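Shown next, in structure tokens, is the structure this report addresses.
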Amino acid sequence: MAVKNQMRESLAGKGIVCAICGEKDAVGMDHVPPKAIFPPPRPSDLITVPACDDCNGASSPTDEEFKVGISLLVGVETEGNRRLWTEGALRTLESNRGLLRDIQSRIVDVDVHSQRGIYLGQERAVLVAAAPIHEVVIRTMRGLYHHHYGESLGKRARCAIQRMNPGRVNDPVLLDFIFRLPVFSIAGGAFKYRHARATEEPLVSFWLMQFHGAETVFGYSKRASDPWEPDGPPMAGDRWSSVPASD
Ligand SMILES: [Zn+2]
-11 MAVKNQMRES
-1 LAGKGIVCAI
9 CGEKDAVGMD
19 HVPPKAIFPP
29 PRPSDLITVP
39 ACDDCNGASS
49 PTDEEFKVGI
59 SLLVGVETEG
69 NRRLWTEGAL
79 RTLESNRGLL
89 RDIQSRIVDV
99 DVHSQRGIYL
109 GQERAVLVAA
119 APIHEVVIRT
129 MRGLYHHHYG
139 ESLGKRARCA
149 IQRMNPGRVN
159 DPVLLDFIFR
169 LPVFSIAGGA
179 FKYRHARATE
189 EPLVSFWLMQ
199 FHGAETVFGY
209 SKRASDPWEP
219 DGPPMAGDRW
229 SSVPASD
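The numbering of the sequence shown is the working numbering, which starts it at -11 and goes up by one.
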């Protein structure tokens, strides 16, 4: 791709360090979040950061898995989310046979009950893998940190993310603080986020990111040298999502 090659020439040898890992030389610009989750026509306000070959997700299978996973999780209730499914995820599954087989192997029929326990019948559901979503959201958070604060978290900081679950908020004071922060919105609101970092400890930062109006993730960074409590499986594990009906 000519544009990509031009970008390589313009960045290569200039000593610009990758925004994500903070170590290797950047060879191009990468979108955070990945442009894959914004179906064409691509919005003009997407965010890019310099990235090395290893951290650039544009050509990695993980970005495709992320797109399909997010699309399954946010459903097809709105016009934008339906486009993400039909023009994004479905097209990827048509061309990526390996991913299609993986998704198919995760589809089952589950019994559906009403809140009162009345059996409503069966519904197709797919178990959405957490790992690719976890990896891409952390990369997005690191990229956004660089975008806003002009430096990389790199190895100096560790990052963690959790799916927002109002029923299991363990720090309401922190959450109240975060919800008072200004909202950044790109791609016509398809991605919204809030963020802050501690003035006395810049490696400590907080992020609230919402994908396609539905999937909300809380993320934070800490100094790598600080005590770190493992917070369980990535994104609290794989999750069930209903399979959109095909037209
Ligand atoms: Zn890198």
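Ideal Cβ placement from N, Cα and C applies to all residues, glycine included. Quick caveat, the model's predicted, so the values are computed rather than measured.
{"query": "What are the residues that DSSP puts in a beta bridge with P38?", "result": "M17"}
{"query": "Who are the near neighbours of T66 in its chain, counting only those whose CB is closer than 7 Å to its CB and skipping five residues on each side?", "result": "G201"}
{"query": "Relative to the C-alpha of P21, which residue among Y133, V124 and Q150 is closest?", "result": "V124"}
{"query": "Relative to the C-alpha of K23, which residue among E53, V5, Q92 and E11 is closest?", "result": "E53"}
{"query": "Which partner residues of M197 appear in the DSSP bridge assignment?", "result": "Y181 and V205"}
{"query": "DSSP three-state label for G109, please.", "result": "strand"}
{"query": "Please determine whether the Cβ atom of I8 lies at a distance below 6 Å from any heavy atom of ligand 1.", "result": "yes"}
{"query": "With distance defined between alpha-carbon atoms, name the residue in V231, R227, G109 and P232 nearest to A118.", "result": "R227"}
{"query": "Taking the CB atoms as reference points, tell me whether P27 and R71 lie closer together than 7 Å.", "result": "yes"}
{"query": "What residues in its chain sit with their C-beta under 8 Å from that of E82, if we drop five residues either side in the sequence?", "result": "L88"}
{"query": "Sorry if obvious, but does the Cβ on C147 come closer than 6 Å to a heavy atom of ligand 1?", "result": "no"}
{"query": "Is it buried or exposed for H122, if we count other Cβ within 10 angstroms and need 16 for buried?", "result": "buried"}
{"query": "In whole angstroms, give me the CA-to-CA distance for P170 and Y107.", "result": "44 Å"}
{"query": "With a threshold of 6 Å (Cβ to nearest heavy atom), would K12 be considered close to ligand 1?", "result": "yes"}
{"query": "Leaving out the 5 sequence neighbours to the left and right, which residues in its chain are closer than 8 Å to E189 when beta-carbon positions are compared?", "result": "R211"}
{"query": "I'd like the span of the alpha helix (DSSP H) that includes R130, first residue to last.", "result": "A118 to Y137"}
{"query": "Helix, strand or coil: how does DSSP classify R79 here?", "result": "helix"}
{"query": "Please confirm whether I174 and D18 have their CB atoms less than 7 Å apart.", "result": "no"}
{"query": "Using the three-state DSSP reduction, which class does A145 fall into: helix, strand or coil?", "result": "strand"}
{"query": "What do you reckon, is the C-beta of D51 under 6 Å from a heavy atom of ligand 1?", "result": "no"}
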